[in-house]
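See below for the structure under consideration.
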Amino acid sequence: MRQFRREPLTGVALLIISSALLAPATVLAHNPAGVAGVFASGFMHPLTGIDHILAMVAVGIWGAQLGAPAIWALPVAFPLVMSVGGAMGVRGVPLMGVEIGIAASALLLGLMIFSEARPPLVAAALLVGFFAIFHGYAHGTELPHAANPLAYGAGFVIATGMLHVSGIGLGLVHRWPKGARALRLVGAGISLAGLFLLVHHFS
Amino acid sequence: MIDKTTKKIAFAVALASLIALLSPSTATAHPIKGVGDFYAGMLHPLTALEFLLPWIALSLFAGQQGRRAALLTLALFPLALMSGAGLSMILPSPTWLSAVDLAIIPILGLAVASAITCSSTVVVILVIAVGLLHGMANGSEIASPMSPWRFIPGLAAVAILVLAYGIGLVRSLKKPWTQIAVRVAGSWIAAVGIMVCAFKF
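Listed below in structure tokens is the structure:
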């Protein structure tokens, strides 16, 4: 218990997740206006799609499972790779099956957590980076329509980053045997949800 | 027990959210009416992300560089900013100014994300260049009834505040993961900059 108290990040992460889950319904009631409104619409973009939430939290959890250096490399590298996908979305570079790629990312990342896969760092980075392009693309296509692209971009990048932090926070329970088992269950859940979304796209 | 660093971070977060809460109402009126010219100078860069984001990045970058470079930044950036704003009073602002200011965002963000250490000379050149360019951009927004003698010192004052908070925050961080958190912030700023540059160019 004392060990748990020394890790305030876990509590913070749970708080962020719960507030993130509560937020969408309330925000839809507002008509975004001004810099703050544009920021909010960017911030809500990753949070209003369950596929984005699942995949981003999965990235964090997997990073925490892998431990150093992956736990630190992923949250620094992910936004940068995502911005490449975002730039493609902004420029209108055609990319096939964005929604399918995002659902597949939840499926596969969930499987990685469930199986506690430990590929070499480069392989893990390539897998996560590949999916980062799809996520960035989905957010980036909306950016040119925003009244203030900087505020919109800042909103969705920060929301994505906070989802990673939530995942890392949850993943910290990996240090306890029971926590590690619970994480595998979470991974299975994310994977099943990804599978459901994937089937949904094809049906 | 809450240690000192946590307290400082909590303070910084509280400050940032305060700024975020204040900005919506003021951002709609940009140049700001109803406040004195000095405060207009202070609010102008805070209400525009094209200045606030690179300033946050610059403060984190300076904090990563060590004591000497950080102090040089704190001293030189406001001076360069005032010189740039003064220049914009006599010279018309060049057409490429906003494009260059936008390109500064991913450059500074990437510098923070990579935690690159530069020599003092490089830091000084970078700080003076960014200061002059941002000074020109901010100075050219001074509308005719406003007094540049009050607006420009306001600009310098808020630059000192933003830099001091960022440098102080980074310099106070001791645990390894907190230094990674700074790099994560840099990568967020770089990501925003890259996408907006892709949109504008």
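Chains as they are written, first to last, in this note's numbering: chain U, -2 to 200; chain R, 50 to 250.
Where a beta carbon is used, it is the ideal one built from N, C-alpha and C, also for glycine.
Every value quoted in this text rests on a predicted model; they were computed, and no experiment measured them.
Within 7 Å of the CB of S112 of chain U, no CB atom of chain R is found; the nearest one sits about 26 Å away. For the set R:A124, R:L182 and R:R117, the Cα lying nearest the Cα of A206 of chain R is the one of R:A124. For V95 of chain U, the CB contacts under 6 Å within the same chain, skipping 5 residues up- and downstream, are F131, Y134 and A135 in chain order. In the DSSP annotation of this structure, the continuous segment of the alpha helix (DSSP H) that includes T170 of chain R starts and ends at S169 to G188. Under the 9 Å criterion on CB atoms, I201 of chain R is classed as non-interfacial with respect to chain U. The stretch 36 to 45 of chain U and the stretch 85 to 100 of chain U do not touch, with fewer than 3 CB-CB distances between them shorter than 8 Å.
The beta carbon of G176 of chain U sits closer than 7 Å to the beta carbons of V170 from its chain, once the five residues preceding and following it are set aside; these are given in chain order. Distances from the alpha-carbon of D150 of chain R to those of R:E99, R:A192 and R:S132 put R:E99 closest.
Taking 9 Å as the threshold, the shortest C-beta distance from M79 of chain U to chain R falls below it. DSSP, read as helix, strand or coil, puts A144 of chain U in coil. Of the candidates U:G82, U:L77, U:S188 and U:A65, U:L77 places its Cα closest to the Cα of S236 of chain R.
Pairing V54 of chain U with G164 of chain U, the inter-Cα distance amounts to about 4 Å.
Residue R:I209 holds the alpha-carbon nearest to the alpha-carbon of L101 of chain R among R:K249, R:I191 and R:I209.
Listed by position along chain R, the residues whose Cβ is nearer than 7 Å to that of I50 of chain U form an empty set, because the closest Cβ is around 18 Å away. With a 10 Å radius around the Cβ and a threshold of 16 neighbouring Cβ atoms, S102 of chain U comes out buried. Distance from the CA atom of L192 of chain U to the CA atom of A52 of chain U, rounded to whole angstroms, is 12 Å. Judged by their CB atoms, V161 of chain R and F110 of chain R are nearer to each other than the 9 Å cut-off. Pairing T138 of chain U with M79 of chain U gives a Cβ-Cβ distance that is not under 9 Å.
In the three-state reduction of the DSSP assignment, Q114 of chain R falls in the coil class, being assigned neither a helical nor a strand state. Boundaries of the alpha helix (DSSP H) harbouring M91 of chain R: D86 to L95, taken from the DSSP string.
When C-beta atoms of the stretch 124 to 143 of chain R are compared with those of the stretch 171 to 189 of chain R, three or more pairs fall below 8 Å, so the two segments count as touching. A check of alpha carbon separations from L107 of chain R across R:S142, R:G180 and R:A97 identifies R:G180 as the nearest.
Taking a 10 Å sphere around the C-beta of I238 of chain R, we find 16 or more other C-beta atoms and assign the residue as buried. Assignment of alpha helix (DSSP H) within the stretch 55 to 133 of chain U, counting only whole runs of 4 or more residues, yields 67 to 88 and 95 to 111 in chain order. Assignment of K175 of chain U by DSSP, reduced to helix, strand and coil, places it in the helix class. With 16 or more other Cβ atoms inside 10 Å of its own Cβ, S188 of chain U counts as buried. In this structure, L195 of chain U sits away from A84 of chain U, with a CB-CB distance that is not shorter than 9 Å.
Chain U places no beta carbon closer than 9 Å to that of G215 of chain R, leaving this residue out of the contacts.
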